[in-house]
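J.:
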Amino acid sequence: MMTQEEFNQWCVNQSLSNQARIEIEKIRNACPSRSVGSRRQNVSGRYPSRKMGVTIQFESHKVELPFIYQLEHSGDVLEYYDQPPPFKIQYSSASGRNLGVIITPDFFVIRSHSAGWVECKTERELEKLAQKSPHRYQLDDNNKWQSPPGLDYAQQFGFNFQLWSSAKINWTLYDTTEHPALHGQSPHEVFTMGINQFGSRNGRLIPYDDNFRILTLPTTKKGKALVQPGKGIKIDNKYYWHQTFRDPQVERTLINVRYDPFNAGIAYAYIQGLWVECISEYYPLFRGRSEKEIELATAQLKKQMQNHRSSYWSINN
Numbered sequence: 128m129m130t131q132e133e134f135n136q137w138c139v140n141q142s143l144s145n146q147a148r149i150e151i152e153k154i155r156n157a158c159p160s161r162s163v164g165s166r167r168q169n170v171s172g173r174y175p176s177r178k179m180g181v182t183i184q185f186e187s188h189k190v191e192l193p194f195i196y197q198l199e200h201s202g203d204v205l206e207y208y209d210q211p212p213p214f215k216i217q218y219s220s221a222s223g224r225n226l227g228v229i230i231t232p233d234f235f236v237i238r239s240h241s242a243g244w245v246e247c248k249t250e251r252e253l254e255k256l257a258q259k260s261p262h263r264y265q266l267d268d269n270n271k272w273q274s275p276p277g278l279d280y281a282q283q284f285g286f287n288f289q290l291w292s293s294a295k296i297n298w299t300l301y302d303t304t305e306h307p308a309l310h311g312q313s314p315h316e317v318f319t320m321g322i323n324q325f326g327s328r329n330g331r332l333i334p335y336d337d338n339f340r341i342l343t344l345p346t347t348k349k350g351k352a353l354v355q356p357g358k359g360i361k362i363d364n365k366y367y368w369h370q371t372f373r374d375p376q377v378e379r380t381l382i383n384v385r386y387d388p389f390n391a392g393i394a395y396a397y398i399q400g401l402w403v404e405c406i407s408e409y410y411p412l413f414r415g416r417s418e419k420e421i422e423l424a425t426a427q428l429k430k431q432m433q434n435h436r437s438s439y440w441s442i443n444n
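Going left to right, the sequence shown walks through residues 128 to 444 as the working numbering numbers them.
1. Going by CA-CA distance only, name the one from GLU246, ASP267, LYS349 and TRP137 that's closest to ASP203.
2. Let me know if GLN399 comes out buried or exposed under the rule of 16 or more other beta-carbons within 10 Å of its beta-carbon.
3. Going by CA-CA distance only, name the one from PRO175, GLU152 and GLN427 that's closest to LEU309.
4. Return helix, strand or coil for THR175, following the three-state DSSP convention.
5. Tell me whether LEU381 is buried or exposed, calling it buried when 16 or more other Cβ atoms sit within 10 Å of its Cβ.
6. Reducing DSSP to helix, strand and coil, say where VAL317 ends up.
7. What are the boundary residues of the alpha helix (DSSP H) that includes VAL139?
8. Considering only residues of the same chain and omitting the five flanking positions on each side of ARG177, which have a CB-CB separation below 8 Å?
9. Take GLY223 as the anchor and find which of GLY172, SER260, GLN355 and ASN169 has the nearest alpha-carbon.
10. Rounded C-beta distance between GLU186 and VAL163? I'm assuming under 8 Å.
11. Given 8 Å as the limit, is there contact between the segment 269-286 and the segment 311-326, that is, 3 or more CB pairs closer than that?
12. What residue does the alpha helix (DSSP H) around LYS259 start on, and which one ends it?
13. Secondary structure at GLN289, three-state DSSP: helix, strand or coil?
14. What is the rounded straight-line gap between the Cα of SER201 and the Cα of ILE195?
15. Give a yes or no on contact between the segment 368-387 and the segment 398-412, applying the rule of three or more CB pairs nearer than 8 Å.
16. By DSSP, does TYR218 sit in helix, in strand, or in coil?
17. Can you look up GLU418 in the DSSP assignment and give me helix, strand or coil?
18. Quick one: give me the first and last residue of the alpha helix (DSSP H) that ASN225 is part of.
19. Compute the beta-carbon to beta-carbon distance between GLY277 and TRP244, rounded to the nearest angstrom, for a pair I have assumed lies under 8 Å.
20. Please list the terminal residues of the continuous beta strand (DSSP E) segment that includes ARG385.
21. In this structure, how does DSSP classify GLU476 when only helix, strand and coil are distinguished?
22. For PHE339, which residues of its own chain have a beta-carbon under 8 Å away from its beta-carbon, when the five flanking residues on both sides are left out?
23. Considering Cα atoms alone, identify which of THR303, TYR280, LYS248 and PRO307 is closest to SER292.
24. Looking at TYR264: is its Cβ nearer than 8 Å to the Cβ of LEU226?
25. Could you tell me if GLN184 is buried or exposed, where buried requires 16 or more neighbouring beta carbons within 10 angstroms of its beta carbon?
26. Should VAL354 go down as buried or exposed, given a rule of 16 or more other Cβ atoms within 10 Å for buried?
27. Which residue marks the beginning of the beta strand (DSSP E) containing ILE406, and which one marks its end?
28. In the DSSP assignment, the alpha helix (DSSP H) including ARG148 goes from what residue to what residue?
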C-alpha cells in the first residue's frame, strides 16, 4: 500500500485532474460500501491481504478470490479496494428504454500507470447478461468483455472500467498460493500431503448409460423378486412380464429388480447379466403414470366404494 507521499507522486505521474484525485481519495479513505454474503453455489469470505494490510472481502470463491490472488501477486498492482462507493450508470435496455442503475463494482484497482473499477463475473454469467442487457455487457472485436456505460462513467476521471471473466483465472497461481482456509498451505501442498499420507486411488469412469440410469431407480424391500411361471415378477402387487421368463432356468429364481416411480407401466429385471425391460399386465392403464398418481387414484376408488356400501345399507335399512 502506498504512503501519502507515494500516492501524491503517483497522482502527478498520471497527470490526474483535481476531480479525479478527489474521487480516488474518496475510495481510498472509505470503508467497503457493503458487506458481502454467501449465495447458492457461492462461498464468500475475507482474504488477509499483505499488500493492503487489511482483509479483503470476496463474494465468490470461484471468481473473486482467484482475482484477488492475481492482484496480490502482481507487481503492477499498487493498491486495490473491495466494494468501493456505488455510482450510477445509464444505458438503454434491450427494448430501447432508458435506464439509470446504481451499481457497486467488486473492486477498485490502482496500478502503476492506471486505475479503475472491476466487476468479476463467470464467463457463463456474462454470456447470459449480454443477452439480457446487450447495451451494458458486450464482447468487443478483440474477444474481451466490456461495459460501455461503466466505461463512460470512468472516463470522466481518466479511469477505466473492466469486466473480468472467470476465463482469465490463472489456476496455477491459485493452486500454488497460500490459501487463507488451509492454515498457511496452498491447495497443491494439501493435496500432495493427502496423497503421501493416505495414498492414491485409481478412479473409474462410470458411463452415464442405461445401466447407470436403471441402477439409480428404486427397488423392492429385498431388492429381488421371484419369477413366477406364466406370470412374471411381482412388484407392489403388480405383475411384470418379459419373454426371457419362459426359460426353465429362469423360472422360480430370485432376480434383481428395479421399478420406475414415474412410469408404473414398466419395470426392469436383471437376467443373465443384462437388464431387460418388463411390461406391466396393466400396461395400457399404467403407462406414463407415476407411483403417486396410482396411489391417489386407488385411495379415491376405495373411498367411493365405501360411500357406495354406506348408501346401499342406508337404503336397505
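Don't be surprised by glycine CBs; every beta carbon is placed ideally from N, CA and C.
T.: Once the coordinates are examined:
1. TRP137
2. exposed
3. PRO175
4. What sits at residue 175 in the sequence shown is Pro, not Thr. Three-state result, PRO175: strand.
5. exposed
6. helix
7. 131-141
8. GLU199
9. SER260
10. 4 Å
11. no
12. 250-259
13. strand
14. 10 Å
15. yes
16. strand
17. helix
18. Here ASN225 belongs to no alpha helix (DSSP H); instead the beta strand (DSSP E) covers 225-230.
19. 7 Å
20. 381-386
21. Since the displayed the chain opens at 128 and closes at 444, residue 476 lies outside it and no answer follows.
22. ILE333
23. LYS248
24. no
25. buried
26. buried
27. 401-407
28. 145-156
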